[in-house]
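Engineer: Quick note, the sequences are listed as chains D and Z, same order.
To convert, note that position 101 of the first sequence is 101 in the UniProt record's numbering; the numbers rise steadily by one, no gaps.
To convert, note that position 101 of the second sequence is 101 in the UniProt record's numbering; the numbers rise steadily by one, no gaps.
All residues carry an ideal CB built from backbone N, CA and C; glycine is no exception.
Can you keep this structure in mind? I'll have questions shortly.
Protein chains: 2
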Amino acid sequence: MTDLTGEMLIGATSVFGDTGTFRARNPRTGEDLEPVYGLGGSTEVRKASALAWDAFATYRETSGERRAAFLDRIAANLEAVAEVLVARVITETGIAEPRVRGELARTANQLRLFGKVLREGSWIGARIEPPLPDREPLPRPDLRQRKIPLGPVAVFGASNFPLAFSVAGGDTASALAAGCPVIVKAHGSHPGTSEIVGRAVQAAVRESGLPEGVFSLLHGSGTHLGTALVADPHVRAVGFTGSRSGGLALAATAAARAVPIPVYAEMSSVNPVFLLPGALSERADALGTAFVASLTTGVGQLCTSPGLVFAFDSPALETFLGSAARSVQNSQAAPMLSPGICSAYAEGVRRYASHADVTEVAAGARDETIAAEGVTHLFTTTASAFLADPALQEEVFGATSLVVRIEDASQLALIVQALEGQLTATVHAAGADLDLARQLLPELELKVGRIVFNGWPTGVDVGQAMVHGGPFPSTYDGRSTSVGTLAIERFLRPVAYQDLPAELRPAGLDDDNELGIFRQVDGQYTR
Amino acid sequence: MTDLTGEMLIGATSVFGDTGTFRARNPRTGEDLEPVYGLGGSTEVRKASALAWDAFATYRETSGERRAAFLDRIAANLEAVAEVLVARVITETGIAEPRVRGELARTANQLRLFGKVLREGSWIGARIEPPLPDREPLPRPDLRQRKIPLGPVAVFGASNFPLAFSVAGGDTASALAAGCPVIVKAHGSHPGTSEIVGRAVQAAVRESGLPEGVFSLLHGSGTHLGTALVADPHVRAVGFTGSRSGGLALAATAAARAVPIPVYAEMSSVNPVFLLPGALSERADALGTAFVASLTTGVGQLCTSPGLVFAFDSPALETFLGSAARSVQNSQAAPMLSPGICSAYAEGVRRYASHADVTEVAAGARDETIAAEGVTHLFTTTASAFLADPALQEEVFGATSLVVRIEDASQLALIVQALEGQLTATVHAAGADLDLARQLLPELELKVGRIVFNGWPTGVDVGQAMVHGGPFPSTYDGRSTSVGTLAIERFLRPVAYQDLPAELRPAGLDDDNELGIFRQVDGQYTR
């Protein structure tokens with residue numbers, strides 16, 4: 001099961017793509033890895049989407065319990081190949097082993113968490129309005145509402161979470177939970193990881209007695225296979241984590257279809273951090289250390305990496321910068337996820353370094369033995385320079401951050417106004433800062449999906465209350481989250497049934513509430 | 001308060017537009033009505049949107065109770081001007097008085113219903129995950145989630161519900177309920193109605209002590225003022241009910257913005273009705289009568305008018321057609337909403353009448369004294385003709401329907417597959433039809449927002465379980481409803497707060513649940 005073949009998985013079959021080949025590269029050593037992978041094209045998209053559409057008819061009618069058991073099975077199958085999988089992830093992505101093991105646990109837990117959501121049952125969104133035959137001027141009919149799945153979902157694997165946001169990651173788990181078959185376009189930087197995970201899912205489909213089209217895994221270029229996938233009439237929604245240009249291209253393709261479809265693209269975020277004066281004077285040194293720990297997590301390649309820090313000019317800010325600079329200098333170079341990401345990062349660092357109003361504070365240790373070398377950098381600039389140049393809030397994907405020195409409260413207000421939509425904003429505040437924090441909070445709310453107090457934006461907890469989303473351009477659709485259980489709602493829509501005979505009522509809409517789920521009945525929530 | 005001035009309402013002020021003038025026309029008599037209305041342009045859009053943005057900061061922080069009282073006040077203000085308002089609606093739209101009075105009651109009830117939603121409180125979407133400091137491998141932070149309003153909403157009034165889906169209609173009620181200021185572009189066919197209602201809302205804003213920018217009412221062309229409104233950076237969502245071309249134009253404008261925004265456009269639907277064999281043989285005659293009663297409601301100008309009927313060829317179908325033909329012949333001509341709608345309807349009828357494979361069954365009585373005369377028409381065609389020509393499922397907005405004779409079950413399946421997205425599908429079934437209905441139901445679910453059994457699609461109940469939405473092209477965003485309480489969700493998005501100090505927690509996210517609302521705590525719903 002874990003001998004890599006270089007094939008795509010189309011339903012129950014394996015197919016070696018015939019429109020080109022590629023190999024993964026070890027970002028630490030720069031060596032190309034075995035095996036050779038075949039690239040697919042529109043033929044494979046059509047096959048996978050036809051199978052997915054066929055499977056949808058059956059899959060969407062499965063019970064929540066059955067889908068939960070399927071998700072549990074995927075988790076167990078992943079855990080059964082943990083050793084081979086972890087080794088391959090490390091080889092393909094350069095991520096350190098403890099993080100890979102943590103990510104595998106997170107991925108399995110995430111699948112099981114959606115199983116819990118399915119078993120709890122309120123995802124059905126059941127609303128019942130009993131008939132009122134005597135209502136004036138018109139009788140009220142019997143109306144029952146539930147949510148149904150949209151249809152097959154195209155999932156684009158992310159490079160930076162080769163497990164948790166790739167083949168069996170959050171988008172896949174939430175779409176499968178919703179009752180949607182999934183067609184994954186594997187990320188080109190970890191095809192072996194994708195194949196191992198894909199085979200675990202493929203096996204779970206078979207072992208669960210589900211139709212084969214519930215899952216397919218394709219390799220191909222974004223412009224060809226990716227576009228064909230989003231344009232395919234059987235595909236009804238898209239989950240994507242990646243660059244802004246990639247997300248926007250998919251959104252344009254989706255909007256140009258005869259029938260447009262939703263695109264849930266998580267695109268870019270610089271995750272501003274605000275160090276309020278009280279916090280800074282209380283704990284500047286500790287904040288500097290903790291900030292760099294967050295910045296360097298995952299070699300800075302997390303969607304929530306703190307790329308911008310704002311603080312009022314003060315001696316405490318100098319203490320913070322001194323502490324952060326020492327931590328940066330002590331940081332070790334590490335492999336970035338891929339050569340492409342590494343060169344884009346180098347370009348971003350050069351952009352800061354060559355900017356007339358930006359000063360380098362510190363750089364981390366280099367390690368030229370690493371092919372895709374990621375080195376930490378810390379820069380500063382002034383609020384007026386930041387406000388004058390919108391390019392200074394463009395994401396530099398990697399362990400680089402820009403500290404912006406603010407002179408007064410009016411600059412702070414202008415900066416918050418000027419910020420683009422973000423996944424997160426972080427506020428460090430002491431007791432003395434509460435008034436300022438209270439002013440800041442409603443402004444930040446309008447810009448972000450999550451507000452973190454006295455912590456760091458990295459470390460996205462996969463739970464019931466998480467929001468990993470935010471206004472454009474952090475995502476293409478700020479009304480949703482891609483992490484946490486609310487993500488299931490992205491792939492559902494409401495349907496109402498008027499005077500449906502009892503024999504035909506879908507599960508959850510019966511009079512007796514056999515599923516025992518929370519429902520809204522005549523406007524009141526009840527079980 | 002009810003002396004019409006021809007002005008727009010921008011916050012607390014009244015402004016006569018200076019980019020042109022127009023007058024409403026009485027569709028029954030063809031006469032132009034007083035007063036002259038001034039058209040606004042981008043200047044007025046900018047003023048209204050700046051006021052709306054200012055107001056948003058305050059309005060979004062108002063309690064559910066306060067917004068509920070505001071909606072109640074709008075309803076009371078409308079009822080206070082009922083006589084003048086009803087008279088003006090009749091003059092401007094030709095709608096018969098009982099329907100206008102019913103629509104006014106529905107509009108007031110709809111506002112009060114959203115008040116109930118606000119007081120009930122679960123719209124907040126509160127989710128709380130208490131911290132788990134001892135969790136391994138990482139502690140869980142304190143995470144709390146709620147939904148916040150998107151920002152100012154542009155509402156485009158509909159022609160066919162001059163009260164219930166216009167200035168203070170469903171889109172406005174749900175957006176105001178969500179905490180979003182509203183800027184209405186009045187529909188050009190009922191400016192006087194819009195002014196009366198607009199002044200009632202404007203007064204309610206003042207009487208409720210809310211910032212003036214919570215509501216503005218503009219007159220202008222769709223291509224100029226409408227486009228400027230959707231393109232305005234302060235506008236964060238769009239509610240629209242109208243034509244497919246109009247909705248698509250707004251969606252294109254919204255997608256082309258620097259920051260795209262959601263467009264909730266309810267566009268077109270032919271609302272297929274399936275007469276299953278058992279039902280037809282049991283009650284063909286009664287079905288024919290009831291069908292035409294639904295078809296002629298509102299002179300066929302309802303979004304849910306039954307424009308297509310499918311039935312197996314049989315003697316019972318002939319009985320149905322005979323009964324329907326008699327009802328059509330007995331139907332009286334009535335004024336359509338506007339000269340434009342009337343001429344588009346005439347063109348649609350001509351399209352059927354001149355189609356080689358379409359036969360006219362019956363036409364209603366004419367009344368040439370009516371300027372915008374709407375006459376009922378009934379046509380038939382065959383399933384093969386229907387399947388051969390996609391134009392036969394294009395909406396003819398008015399009291400015209402096409403009965404499609406089906407030969408066998410395979411044709412029925414092809415027809416269901418060929419249907420575009422619809423607001424509704426209706427099934428008439430007797431006991432003997434249950435198996436066929438069971439097969440049909442999942443197919444219809446994929447195409448529509450509401451399924452009606454043994455009734456008619458017109459008569460959309462404004463309640464908790466209604467869905468008035470559906471897959472494209474019936475709406476631009478099939479994940480929502482524009483009627484019923486779920487509509488509030490269109491204008492909200494989730495935000496998570498991590499480790500927020502207790503002093504800063506928004507209402508509904510406190511430990512003690514002072515609001516007493518249903519919340520999800522640690523994955524369980526509780527109050």
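Counting C-beta neighbours from all protein chains within 10 Å, is the total for MET1(Z) 16 or more, i.e. buried, or is it exposed?
Structural biologist: Here the model assigns MET1(Z) a pLDDT of 43, short of 50, so the residue's position is not dependable and the matter cannot be decided.
Engineer: Take GLU207(D) and list the residues in its own chain whose beta-carbon comes closer than 7 Å to its own, dropping the five residues that flank it on each side.
Structural biologist: Cβ neighbours of GLU207(D) beyond the five flanking positions: ARG73.
Engineer: With burial defined as no fewer than 16 other Cβ atoms inside 10 Å of the residue's Cβ, what is the status of GLY247(Z): buried or exposed?
Structural biologist: Burial call: buried.
Engineer: Is the beta carbon of LEU9(D) closer than 8 Å to that of LEU217(D)?
Structural biologist: Taking 8 Å as the Cβ cut-off, LEU217(D) and LEU9(D) qualify as a contacting pair.
Engineer: Answer with buried or exposed for PRO512(D), where buried requires no fewer than 16 other C-beta atoms within 10 angstroms of its C-beta.
Structural biologist: The question names Pro, but residue 512(D) in the sequence shown is Asp. So ASP512(D) counts as exposed.
Engineer: Using a Cβ cut-off of 9 Å, which residues of the segment 454-470 of chain D contact any Cβ in chain Z, in chain order?
Structural biologist: Going along the segment 454-470 of chain D in chain order, one finds ASN454, GLY455, PRO457, GLY459, ASP461, GLY463, GLN464, ALA465, MET466, VAL467, HIS468, GLY469, GLY470 with a Cβ nearer than 9 Å to chain Z.
Engineer: To the nearest angstrom, report how far apart ARG252(Z) and GLY239(Z) are at their CA atoms.
Structural biologist: First, the residue type needs correcting, since residue 252(Z) is Ala and not Arg in the sequence shown. Straight-line Cα distance between these residues: approximately 14 Å.
Engineer: Are TYR345(D) and SER482(D) closer than 8 Å when you measure CB to CB?
Structural biologist: No, Cβ-Cβ distance for TYR345(D) and SER482(D) is not below 8 Å.
Engineer: For the segment 442-453 of chain Z, which residues have a CB atom closer than 8 Å to at least one CB atom of chain D, in sequence order?
Structural biologist: Under the 8 Å Cβ criterion, the segment 442-453 of chain Z contributes PRO442, GLU445, LEU446, VAL448, GLY449, ARG450, ILE451, VAL452, PHE453.
Engineer: Just by C-beta distance, which residues in the segment 136-149 of chain Z are closer than 8 Å to chain D?
Structural biologist: So the close ones are PRO137, LEU138, ARG140, PRO141, LEU143, ARG144, GLN145, ILE148.
Engineer: I want to verify the contact list: residues of chain D whose CB lies under 8 Å from the CB of LYS47(Z), in sequence order.
Structural biologist: Result: empty, since nearest Cβ-Cβ is about 20 Å, beyond 8 Å.
Engineer: Which residue from ALA69(D), THR62(D), GLU92(D) puts its Cα closest to that of ARG25(D)?
Structural biologist: Comparing Cα positions, the closest option is GLU92(D).
Engineer: Tell whether a beta-carbon distance below 8 Å holds between ALA258(D) and ASN77(D).
Structural biologist: For ALA258(D) and ASN77(D), no; Cβs fall outside 8 Å.
Engineer: When the cut-off is 8 Å and only beta carbons count, does ASP512(D) lie next to chain Z?
Structural biologist: No, because no Cβ of chain Z sits closer than 8 Å to the Cβ of ASP512(D).
Engineer: Can you pull the chain D neighbours of ASP499(Z), defined as C-beta to C-beta under 9 Å?
Structural biologist: Going along chain D in sequence order, the residues near ASP499(Z) (Cβ under 9 Å) are VAL452, PHE453, ASN454, GLY455.
Engineer: Would you say GLY209(D) faces chain Z, with C-beta separation under 8 Å as the test?
Structural biologist: Output row for GLY209(D): interface = no.
Engineer: Can you give me the Cβ contacts of VAL427(D) inside the same chain, cut-off strictly under 6 Å, excluding the 5 residues immediately before and after it?
Structural biologist: Closer than 6 Å at Cβ, skipping near neighbours: PHE274, ALA437, PHE453.
Engineer: Quick check on ILE10(D) - is its C-beta less than 8 Å from some C-beta in chain Z?
Structural biologist: Not closer than 8 Å to any Cβ of chain Z, the Cβ of ILE10(D) fails to qualify, so no.
Engineer: Got a sec: which bits of the segment 469-483 of chain D sit with their beta carbon under 9 Å from any beta carbon on chain Z, in order along the chain?
Structural biologist: So the close ones are GLY469, GLY470, PRO471, PHE472, PRO473, TYR476, ASP477, GLY478, ARG479, SER480, THR481.
Engineer: Excluding the 5 residues preceding and the 5 following ALA256(D) in the sequence, name in chain order all residues of the same chain whose CB lies nearer than 6 Å to its CB.
Structural biologist: Excluding positions up to five away in sequence, the list is empty.
Engineer: Between ALA385(Z) and the rest of its own chain, which residues show a CB-CB distance below 6 Å, the 5 nearest in sequence each way excluded?
Structural biologist: Same-chain partners within the cutoff: ASP357.
Engineer: Spatial neighbours of ASN109(Z) within its chain, please: CB distance less than 7 Å, with the 5 preceding and 5 following residues excluded, ordered by chain position.
Structural biologist: The answer, listed in chain order, is VAL462.
Engineer: If I follow the unbroken alpha helix (DSSP H) through THR43(D), where does it start and stop?
Structural biologist: Segment 42-59, the alpha helix (DSSP H) holding THR43(D).
Engineer: With 8 Å as the C-beta to C-beta threshold (strictly closer), list the residues of the segment 254-267 of chain Z near chain D in chain order.
Structural biologist: From the segment 254-267 of chain Z, only ALA255, VAL259, PRO260, PRO262 have a Cβ closer than 8 Å to chain D.
Engineer: LEU308(D) and GLN393(D) look like a contact to me (Cβ under 8 Å); what is the Cβ gap, rounded to whole Å?
Structural biologist: That belief holds up - the Cβ atoms of LEU308(D) and GLN393(D) are roughly 7 Å apart, short of 8 Å.
Engineer: Since GLU61(Z) meets chain D, which of its residues come closer than 8 Å, beta carbon to beta carbon?
Structural biologist: Simply PRO442.
Engineer: Measure the Cβ-Cβ separation of GLY30(D) and GLY213(D) and say whether it is below 8 Å.
Structural biologist: For GLY30(D) and GLY213(D), no; Cβs fall outside 8 Å.
Engineer: Measure the C-alpha to C-alpha separation of ILE406(Z) and LEU412(Z) and round it to an integer number of angstroms.
Structural biologist: Spanning the two alpha carbons is a distance of roughly 7 Å.
Engineer: Just to confirm the assignment, what range does the beta strand (DSSP E) spanning ARG326(D) have?
Structural biologist: Note, ARG326(D): premise wrong, no beta strand (DSSP E); alpha helix (DSSP H) at 315-330.
Engineer: Determine the chain Z residues that contact SER269(D) at a beta-carbon separation under 9 Å, and present them in chain order.
Structural biologist: Within 9 Å Cβ-Cβ: nothing; SER269(D) doesn't reach chain Z, min ~14 Å.
Engineer: Quick check: what's the CA-CA separation for CYS342(D) versus ALA371(D)?
Structural biologist: Computed Cα separation, rounded: 9 Å.
Engineer: Could you spell out the range, first to last residue, of the beta strand (DSSP E) harbouring TYR476(Z)?
Structural biologist: From DSSP, TYR476(Z) is part of no beta strand (DSSP E); its letter is neither H nor E.
Engineer: Measure from the C-beta of PRO494(Z) to each C-beta in chain D and report whether the shortest distance is under 8 Å.
Structural biologist: Chain D contact via Cβ: present.
Engineer: Look at the alpha carbon of GLN145(D) and the alpha carbon of ILE128(D), and state the distance between them as a whole number of angstroms.
Structural biologist: The alpha-carbon atoms of GLN145(D) and ILE128(D) are separated by roughly 6 Å.
Engineer: For LYS116(D), would you say it is in contact with chain Z, using Cβ-to-Cβ distances shorter than 8 Å as the test?
Structural biologist: It does: the Cβ of LYS116(D) has a partner Cβ on chain Z nearer than 8 Å.
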